[in-house]
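Residue numbers (UniProt numbering): 1 to 82. Ideal Cβ positions, reconstructed from N, Cα and C, are used throughout, including at glycine. In this text the structure is predicted, and so the values were computed from the model without any measurement. Worksheet for the structure shown next.
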Amino acid sequence: MKDFCKLYQSQYKKAKETLDMLEKQRDQIDLNLHSNPSCSTLHKELRTVNLNIKITENEMEHAESAIIKYGSETVDETELML
């Protein structure tokens, strides 16, 4: 079961890194939209990034619940906070 915990901890860590990257992309798109609010391409990119953020958050929740399920004592509670 420790192997499962390590696997899900790794997935959680990668999802967190992905989430950070996606949030930076969203911030950049928001900034670009302030200068060009009617750009349909930017709006499409924003929808795509927001969808990817939601998917990544769901992946993090799944990994978190699996880590808890398999009872890892090595998980730091602050690592699991969004």
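Check whether the Cβ atoms of Glu23 and Ile53 sit closer than 8 Å, and answer yes or no.
Yes, Cβ-Cβ distance for Glu23 and Ile53 is below 8 Å.
How many angstroms separate the CA atom of Leu82 from the CA atom of Ser10?
Caution applies to Leu82, whose pLDDT of 44 falls short of 50 and renders its modelled position unreliable; the model cannot decide the point.
Ordered along the chain, which non-local residues of its own chain (more than five positions away) have a Cβ less than 6 Å from that of Ala63?
Contacts found: Tyr8, Gln11 and Tyr12.
For Cys39, which three-state DSSP category applies?
Cys39: coil per DSSP, three-state reduction.
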